[in-house]
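All residue numbers for the sequence shown refer to this note's numbering, where the first residue is 15 and numbers rise by one.
Here's the structure, in structure tokens; my notes come after.
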Amino acid sequence: MLIDSHAHLTFAEYESDLGDVIKRSFASDTQIINASNNFKTSVMAVELAKKHEGMWALVGCHPDDIYLEKVDINKYRDLANSSEKVVGIGEVGLDFFRLKDGEKSIEAIKKDQVKYFKEFIGLSKELDLPLVLHCRGTKDDPYKAYDLMLEILSSKPIAQSPKPRGVIHCFGGNLEQAKKFIDLGFYIGFTGIVTFKNAKELQAIAKEIPLDKILIETDSPFLAPEPNRGKKNEPSYVKYVAQKIADLKEVRVIEVEKATYINTVKLFNL
Ligand SMILES: [Zn+2]
């Protein structure tokens with residue numbers, strides 16, 4: 015059994031073929047956790063999960079989307095409490111990538127995003143649901159955002175009991191940062207990027223960190239792994255991520271499948 019720990023089957027890309035995508039996923043023994051990027055997709059993810067055994071939902075607002083809706087944490091709390099199919103808070107975090115000239119300064123963006131990020135961390139602690147973190151730096155400095163995220167997660171009172179826990183999805187930091195997230199109790203999520211030829215640093219990280227700290231994911235519809243790079247992604251392709259990690263670690267793919275499945279079940283209490 016495999017599990018895609020982070021997909022977006024609520025996105026418009028699946029309007030015409032959602033049923034087939036889900037069928038192919040289950041036919042390849044792949045369960046699915048749907049992540050959400052705003053309140054609307056959070057509601058959709060919960061509804062979809064209710065219809066399918068082997069599918070769960072996250073609720074949360076992506077840092078880029080806090081500007082597109084008036085984030086009301088109480089609505090997210092009510093939604094999270096509305097169904098046992100809600101297994102985590104995400105994706106939430108920091109994203110400094112899309113700042114264009116004329117938009118708010120990076121400092122203003124940081125301030126807004128940190129505020130909502132802290133609210134979602136609070137909700138995760140209150141409801142005892144794991145966090146699914148999104149983190150992306152600027153083009154010039156992909157790592158600074160990860161340092162800021164680590165700083166927030168280690169700061170008081172956030173770091174105090176109950177300690178924040180979860181996964182840093184689609185990890186794009188460096189090895190030292192990956193180890194710090196693990197020390198804080200987080201898992202590291204790998205997408206199809208790890209299969210890309212030029213992703214040498216990420217491959218070295220996947221090789222180095224222990225298998226019992228790794229989750230695999232597709233981030234569908236984006237980031238399709240080799241050999242399907244460039245195509246629309248889907249959960250049944252998560253097996254290619256597992257295969258690549260197995261190759262890097264020189265273990266059998268079944269070991270990666272088993273370990274990442276157990277890690278995911280444990281983290282999200284499935
Ligand atoms: Zn995502």
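Ideal placement from N, C-alpha and C gives every residue a C-beta, glycine not left out.
Item                                                                                                                                : Value
Find out if the Cβ-Cβ distance for the pair Y201, L229 is shorter than 7 Å.                                                         : yes
Flag A59 as yes when its Cβ comes closer than 6 Å to any non-hydrogen atom of ligand 1, and as no otherwise.                        : no
Using three-state DSSP, classify A26 as helix, strand or coil.                                                                      : helix
Just to confirm the assignment, what range does the alpha helix (DSSP H) spanning A192 have?                                        : 189-197
Let me know the secondary structure DSSP gives T232 once reduced to three states.                                                   : coil
If we call anything under 7 Å between Cβ atoms a contact, is L189 one with K221?                                                    : no
Starting from A21, follow the alpha helix (DSSP H) in both directions and report where the run begins and ends.                     : Run containing A21: none in the alpha helix (DSSP H); it sits in the beta strand (DSSP E), 16-21.
Would you grab the beta carbon distance between H22 and N48 for me? Rounded to a whole angstrom, and I think it's under 8 Å.        : 7 Å
What residues in its chain sit with their C-beta under 6 Å from that of S250, if we drop five residues either side in the sequence? : R38, S39, S42, T44
Residues in its own chain within less than 7 Å of N242 by CB, not counting five upstream and five downstream?                       : Y251
Report the three-state DSSP secondary structure of T44 (helix, strand or coil).                                                     : strand
Closer than 8 Å is the cut-off here; do at least three beta carbon pairs connect the region 129-140 with the region 87-99?          : yes
Determine the extent of the beta strand (DSSP E) in which I182 is found, giving its start and end residues.                         : 180-182
I need the boundaries of the alpha helix (DSSP H) containing Y254, first residue and last residue.                                  : 252-263
Buried or exposed, going by whether 16 or more other CB atoms sit within 10 Å of the CB of I120?                                    : exposed
Could you give the DSSP three-state label for E105: helix, strand or coil?                                                          : strand
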